[in-house]
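*Asks:* Each residue of the sequence shown is one higher than the one before, starting from 44 at the first, in the working numbering.
The beta-carbon is built from N, C-alpha and C at its ideal position, and this holds for glycine as well.
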Amino acid sequence: MARLTLEEGGTHRAFKLNPGKITIGSAEACTLRLSSADVAEVHAELEITADATILTPRPGVAPPTILGRPVSGPTRVPGNGEFRIGGALFKVSDGTDLPAASTAAPRKSASRPAVTRARRTVKRGVPTWGIVLGLAVGGIMIYFVGRGWLGEAAEVVYNPNERLRVATENFNEGAIGRAELEIERIDLALAPELRPQVEALQAKIAGRSAAAEVAAWNVEGNKHFETQLKGFVSKYMLGDNVPRERARVFIKRCEDFRKRWPAHPELTWVNRYQTRYASIAKMHEAPTFTDVAYEIKTLTWAKPRDYRRSFEMLAQFEQGATGADYDACTELHDTLVTERDAYFTDRMQQAKWHWERKETGQSVATLVELVIGMGDAEMADQAAFEFVRLPGIEEWLKGYRSRKPEKFQLLIEHSSIRDFARECGLL
């Protein structure tokens, strides 16, 4: 019986792995709930079948690592291998490394480090479960699977029609990651007559994956809705005399939400409340200094602070300001510069601190914030320099491109990150 061991925060948990799917994340609804700070609500799915254990990260999350290597798509976990999600370490055991004589024996085994080194040197394109040699015989591929430390070599007859059947079955059962892996194993050069069926199934998988990405994006929209809209109303817009500057900020947030999440189920609420406060906001009128100062306050009162937008907004208002308004703009500008300098120094140290504690997701997010949100070229250069040096950062960029395209576009405005993304094939 395969087993899964979880080590997190000094605690150890062990589970038997039965065929099926396990959700891993910080949400209460997940099968395995993690407490690490850089773990998403639903971070990944672990699918267990009779012949494989497949880890599928959700789009845009911090990439898990399998045997030290970041992964962003469905990936097979080797038998007796391990993977990390945030600060949690998972060890998969197929039972072959568990001697019955002593419970201390696994710690003394010399095979685990050797296995780890061997797995990390496997080239891309070669299945992680062994060395494959193929012989084409009448459309049937015979694979000799060298299992190495898992046992003697086994002979498996590989039939493209059977792979298509299994892929279709997995798709119908909702095991999208498994279906993708099965499709990838079909060599159409051996069975060209299957091409229409394979391409049709690939299109269905792509559609289902796209729908899943929309659903995942809407989950992120839930957080934004609760904090930036619903929370703002309950805290700052109570009573009958809501200040105009607050109503204007709320209206802008509603418009931004509708643009970013056009299919979100809470749009009815957004439309209703936007209509309620439109007469107070008077968005058709030019903003006053009070309006601008309050909006800048909302952009810089919590992390991550957006000094980039703050300085842009202040500069635009200052162009037409005179008298007391102009003097107020100058004073606010100087205050923001002082605050930003202190904030940048603190956040750079915070990014380093997170990295040293292996809180990779928080370290990356902090550097992203500093690249795109400071509104200062030298600060952006310093943060970008550290960003592109992070091991495995290309997987994080892939996640930002698919899950957070707006931030990805802002990131690649910086020349060094744009060049790095191009080298990684992301542009």
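#1: Going by the CB atoms, is the gap between VAL411 and LYS450 shorter than 8 Å?
#2: Could you tell me the alpha carbon to alpha carbon distance between ASN61 and ARG289, rounded to whole angstroms?
#3: If you draw a straight line from the C-alpha of ALA408 to the C-alpha of GLU236, how long is it?
#4: Can you check DSSP and say which residues form a bridge with THR66?
#5: Please go through the same chain and pick out, in chain order, the residues whose beta-carbon is closer than 7 Å to the beta-carbon of LYS447, but skip the five residues on each side of it.
#6: For the alpha helix (DSSP H) that HIS397 lies in, which residues bound it at each end?
#7: Checking the sheet assignment: what are the DSSP bridge partners for THR54?
#8: Would ILE91 pass as a contact of ARG119 if the rule is Cβ separation under 8 Å?
#9: What are the boundary residues of the alpha helix (DSSP H) that includes GLU269?
#10: Suppose the cutoff is 7 Å on Cβ atoms and the five residues either side in sequence are ignored; what does the same chain contact list for GLN392 look like?
#11: Looking at GLY435 and PRO106, is the spacing between their C-beta atoms short of 8 Å?
#12: Please report how far the alpha carbon of PRO113 lies from the alpha carbon of VAL209, in whole angstroms.
#13: In terms of residues, what are the limits of the beta strand (DSSP E) holding ALA131?
#14: Three-state secondary structure (DSSP) at PRO100?
#15: Can you find at least 3 beta carbon pairs, one from the region 81-89 and one from the region 122-130, that sit closer than 8 Å?
#16: If you draw a straight line from the alpha carbon of ALA45 to that of VAL135, how long is it in whole angstroms?
#17: With a cut-off of 8 Å on the beta carbons, I'd call PRO117 and LEU224 a contact; round off their distance for me.
#18: Starting from LYS447, follow its DSSP beta bridges and name the residues at the other end.
#19: Kindly indicate the opening and closing residues of the beta strand (DSSP E) around ARG127.
#20: Note down the Cα distance separating MET422 from PRO100, rounded to an integer number of angstroms.
#21: Please list the terminal residues of the continuous alpha helix (DSSP H) segment that includes GLY416.
#22: What does ARG76 pair with, by DSSP beta-bridge criteria?
#23: In whole angstroms, what is the alpha-carbon distance linking PRO330 and ALA427?
#24: What's the C-alpha gap between ALA474 and ALA246?
#25: Taking the C-alpha atoms as reference points, what is the distance between THR74 and ILE67?
#26: Taking 8 Å as the cut-off, decide whether the C-beta atoms of VAL276 and TYR316 are in contact.
#27: Measuring alpha carbon to alpha carbon, tell me which of ASP370, ASN314, VAL241, ILE294 ends up nearest PRO203.
#28: Taking Cβ positions, are MET417 and ARG461 nearer each other than 8 Å?
#29: Mapping the DSSP letters down to three states, classify LYS346 as helix, strand or coil.
#30: Counting C-beta neighbours from all protein chains within 10 Å, is the total for ALA87 16 or more, i.e. buried, or is it exposed?
#31: Quick check: the Cα distance between GLY52 and TYR369, rounded to an integer number of angstroms?
#32: Per DSSP, what kind of secondary structure is LYS302 in: helix, strand or coil?
#33: Is there contact between the region 300-316 and the region 263-271, where contact requires at least three CB pairs shorter than 8 Å?
#34: Between HIS457, SER458, SER459, GLU437, which lies nearest to LEU469 when the distance is taken from Cα to Cα?
#35: Quick one: residues in its chain with C-beta nearer than 8 Å to the C-beta of THR341, no 5 flanking neighbours on either side, listed in chain order?
*Replies:* The structure says:
#1: Their beta carbons are under 8 Å apart, which means LYS450 touches VAL411 by this criterion.
#2: Roughly 54 Å separates the two Cα atoms.
#3: Using only the alpha carbons, I get a separation of about 47 Å.
#4: Answer is GLU88.
#5: Excluding positions up to five away in sequence, the list reads GLY103.
#6: From DSSP, the alpha helix (DSSP H) with HIS397 extends over 366-399.
#7: DSSP lists GLU51 as partners of THR54.
#8: Not a contact, by the Cβ cut-off of 8 Å.
#9: Here GLU269 belongs to no alpha helix (DSSP H), and DSSP marks it neither H nor E.
#10: Excluding sequence neighbours, GLN392 sits near nothing in its chain.
#11: By the CB criterion at 8 Å, PRO106 and GLY435 fall inside the cutoff.
#12: Straight-line measurement puts the Cα of VAL209 at about 28 Å from the Cα of PRO113.
#13: Residues 131-136.
#14: Strand, per DSSP.
#15: Touching, per the Cβ criterion.
#16: When rounded, the distance between both Cα atoms is 7 Å.
#17: Beta-carbon to beta-carbon, PRO117 and LEU224 are separated by about 6 Å, close enough to satisfy the 8 Å threshold.
#18: As DSSP reads the structure, LYS447 sits in no beta bridge.
#19: Residues 125-128.
#20: Looking at the two C-alpha atoms, the distance is approximately 32 Å.
#21: That run of the alpha helix (DSSP H) goes 403-416.
#22: According to DSSP, ARG76 shares a beta bridge with GLY68.
#23: Approximately 34 Å, taken between the alpha carbons.
#24: No statement about residue 474 is possible, as the shown extent of the chain runs from 44 to 470 and does not include it.
#25: Near 6 Å, if we compare the C-alpha coordinates of ILE67 and THR74.
#26: Going by C-beta atoms, VAL276 is nearer than 8 Å to TYR316.
#27: Ranked by Cα distance from PRO203, the options ASP370, ASN314, VAL241, ILE294 are led by VAL241.
#28: Cβ distance not < 8 Å, so MET417 and ARG461 don't count as in contact.
#29: In the three-state reduction of the DSSP assignment, LYS346 falls in the coil class.
#30: Residue environment for ALA87: buried (at least 16 other C-beta atoms within 10 angstroms of its C-beta).
#31: So the alpha carbons of these two residues sit roughly 53 Å apart.
#32: In the structure shown, LYS302 sits in a helix (DSSP, three-state: H, G or I).
#33: The region 300-316 makes contact with the region 263-271, as at least three CB pairs between them are under 8 Å.
#34: It is GLU437.
#35: Cβ neighbours of THR341 beyond the five flanking positions: VAL292.
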